[in-house]
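Trainee: Numbering (the working numbering), first residue to last: 6 to 74.
By construction, the Cβ of each residue, glycine as well, lies at the ideal position given by its N, Cα and C atoms.
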Amino acid sequence: MPGREVTEKEKEEIGKRVQQEFPGCKALQDIHYYRYVKEIEWQTMSPEEIVEAIKSGAGEIKKEMKALE
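#1: Ordered along the chain, which non-local residues of its own chain (more than five positions away) have a Cβ less than 6 Å from that of I55?
#2: Is it buried or exposed for Y39, if we count other Cβ within 10 angstroms and need 16 for buried?
#3: Assuming Q48 is part of the alpha helix (DSSP H), what are its boundary residues?
#4: Report the three-state DSSP secondary structure of R40 (helix, strand or coil).
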C-alpha cells in the first residue's frame, strides 16, 4: 500500500515548523522536514511496508552514490 499523500498545505506548515525549531541551520531543517513528511506518508502503512520503503530508498541512494564515483 502506498503511503498517504502529503498536501502542499502540510508541506508549508512543516517548513515553517522546522524553521522555528532550527533557526539558522539549513541542514537540520532539511533533515527534519524530510522526517516529518515521511511520518505523514507512513501513517497508513504497515511496519513491513515502511521497512520495505526504507530499503528501497536506501538502494536508490547507493546507486546514485556509485554513479558519482
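Mentor: The answer reads as follows:
#1: W47
#2: exposed
#3: No alpha helix (DSSP H) contains Q48, which DSSP labels as neither H nor E.
#4: helix
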